[in-house]
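Residue numbers (this note's numbering), protein chains in the order written: chain C, 1 to 250; chain D, 1 to 250.
What follows is the structure in structure tokens.
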């Protein structure tokens, strides 16, 4: 049952085998993909110094510890690298790759990459491995792009660490479906504030009773605080996308 | 094994039970989520007329046939709807929701929604159900947004149809890992053109021998043609994102 998911941030020092790594990437590859184009790539980080630099960007010490680190890349560069991309010329005239940089093509590659990420994660979890998905690699997108030598028409989406779990965290309760599952139109229930208050009690209980790092917390506070907690250089995501050749309509 | 994935586009007329639908949405909810914010929503399309309109947008007849149709929504609106979003005011002064419309928050909500989509899909497949993910609902984003009454700070990511399979399509071969899995930096192999040529033969064979709709096709041609095939109104994705209050840095 996929509901058994919990994020693992602490791994034993047992590395994955080459076969395991191959199979996880194969699982990512066998995800549904828009127009069969497989518009993503995966970079396996094996260089410890580089990994330390990525951990510094993410500001999470566990990123520099055990487990295999992968970075998932939205990739329209492959299509642009063909020696005779004749059809592109017909699209973009003087700028043959322009269409590949459209918001549409960015969203397509992002979808391919993120769906594949979750398939890799589900496959790892089904095999008894632990995973954590790292949005935090985007805390300094321009630096990460430089570190990974990402060419035009590629963009880093997230990191994933996979390894043998060395912790058993508790499950975190999710919001009631009435707050996020609607019928036919976007229509939260009239009493959604009451549902939110009830859920807040669950979240409060979770944070007050969990094994480590207990604190006073509520979902409402997390929601209200989310925008404020943004690290400064995440504000460069738009600029980074444009630098990489995406969002050409802007 | 997750590698057993194949997209199903034809379903029997046996509907899913309410419990199945609940469990699939629960699987989506239990996906890893950025900062525990669960920044996505799911709309279940049960109105046949609305579904016909969505099928018209997607230009795929099977979208209007059997199976349950869900639309996955990137959602920062929930956070903006709190009665006392005091912390937002500290961020955005006169425009309290501005930070929630940042490229960062769009990418965060997009990640949450797409990872959850794949978890729903993997859960359905593990239960013997079939699925298809629909990027095609974005062929006319402004119309879809209007049809679903999507408020500011929400955006449709994809559709998913889930049902009882009524076909057994062949597996589609994926590209060799040497073309998409790199170590430490983005670095395709020197002989990547040769690998592509070898893969092209596999793709050619697949299209030439599959059960239905056989044709002359190659991966190279699909790649080169991808940008050209874009339906006209997908060019409005950028405008639609801005209309919904995202990409505020633009």
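Every residue, glycine too, gets a C-beta built ideally from N, C-alpha and C.
The beta carbons of residue 217 (chain D) and residue 205 (chain D) sit about 10 Å from each other, so the pair does not count as a contact at 8 Å.
Listed in chain order, the positions of the stretch 32 to 44 of chain D with a beta carbon within less than 9 Å of a beta carbon of chain C are 32, 33, 34, 35, 36, 37, 38, 39, 40, 41, 42, 43, 44. Counting C-beta pairs closer than 8 Å gives fewer than three between the stretch 101 to 110 of chain C and the stretch 24 to 31 of chain C, which falls short of the contact rule. Between residue 35 (chain C) and residue 226 (chain D), the gap from beta carbon to beta carbon is short of 8 Å. Annotation: the stretch 1 to 62 of chain D contains the following complete segments of the alpha helix (DSSP H) (minimum length 4 residues), in chain order: 18 to 29, 48 to 58.
Against chain D, the CB of residue 172 (chain C) has a partner CB under 8 Å away; the residue lies at that interface. Distance from the Cα of residue 153 (chain C) is smallest, within the candidate group C:6, C:178, C:56, C:248, for C:248.
Contact between the stretch 3 to 13 of chain D and the stretch 40 to 53 of chain D is not established, with fewer than three Cβ pairs separated by less than 8 Å.
For residue 134 (chain C), the enclosing beta strand (DSSP E) stretches over residues 130 to 134.
By alpha-carbon distance to residue 54 (chain D), the top candidate from D:99, D:131, D:123, D:143 is D:143.
According to DSSP, residue 68 (chain C) shares a beta bridge with C:162. DSSP places residue 183 (chain D) in the uninterrupted beta strand (DSSP E) bounded by 181 to 183.
In the structure shown, residue 155 (chain C) falls within a strand segment according to DSSP collapsed to helix, strand and coil.
Between residue 159 (chain D) and residue 222 (chain D) the beta-carbon gap is near 22 Å, outside 8 Å, which marks them as no contact. Across the structure, residue 186 (chain D) and residue 82 (chain D) are spaced so that their CA atoms are roughly 42 Å apart.
Contact between residue 72 (chain D) and residue 42 (chain D) holds: CB atoms are separated by about 6 Å, below the 8 Å threshold. DSSP places residue 191 (chain C) outside both helix and strand once states are collapsed to three, so it counts as coil. Closer than 9 Å at the C-beta level to chain C, one finds these residues of the stretch 158 to 186 of chain D: 158, 171, 172, 174, 175, 177, 179, 180, 181, 182, 183, 184, 185, 186.
In terms of Cβ geometry, residue 200 (chain C) and residue 214 (chain C) do not form a close pair [threshold 8 Å]. Using a Cβ-Cβ cut-off of 7 Å, residue 247 (chain D) is close to 238 of chain C, given in chain order. The beta carbon of residue 20 (chain D) does not come within 8 Å of any beta carbon belonging to chain C, so the residue lies off that interface. With respect to residue 111 (chain D), residue 114 (chain C) sits close: the two C-beta atoms are nearer than 8 Å.
Residue burial annotation: residue 128 (chain C) is exposed, with fewer than 16 other C-beta atoms found within 10 angstroms of its C-beta. Neighbours of residue 52 (chain C) in chain D, taken as residues at a C-beta separation under 7 Å, are lacking, since the least C-beta distance is about 13 Å.
Bridge pairing for residue 74 (chain D): D:40, D:155 [DSSP].
Within chain C, 35, 36, 37 have C-beta atoms less than 8 Å from the C-beta of residue 222 (chain D), given in sequence order. Under the three-state reduction of DSSP, residue 174 (chain C) is assigned to coil, being neither helix nor strand. Interface residue (Cβ-Cβ distance to chain C less than 8 Å): residue 29 (chain D) is classified as such. A direct Cα-Cα distance of roughly 15 Å separates residue 17 (chain D) from residue 45 (chain D). Between the beta-carbon of residue 139 (chain D) and that of residue 59 (chain D) there is about 6 Å, and that keeps the pair under the 8 Å contact cut. Any Cβ of chain C closer than 8 Å to the Cβ of residue 103 (chain D) would place that residue at the interface, and such an atom is present.
Not a single C-beta of chain C is nearer than 8 Å to the C-beta of residue 218 (chain D). Bounds of the alpha helix (DSSP H) holding residue 221 (chain D) are 219 to 226. Listed along the chain, the chain C residues whose CB falls inside 8 Å of the CB of residue 79 (chain D) are 223, 224, 226, 227. At least one CB atom of chain D sits nearer than 8 Å to the CB of residue 111 (chain C).
Nearest neighbour of residue 192 (chain D) by Cα position, chosen from D:183, D:184, D:250, D:176, turns out to be D:176.
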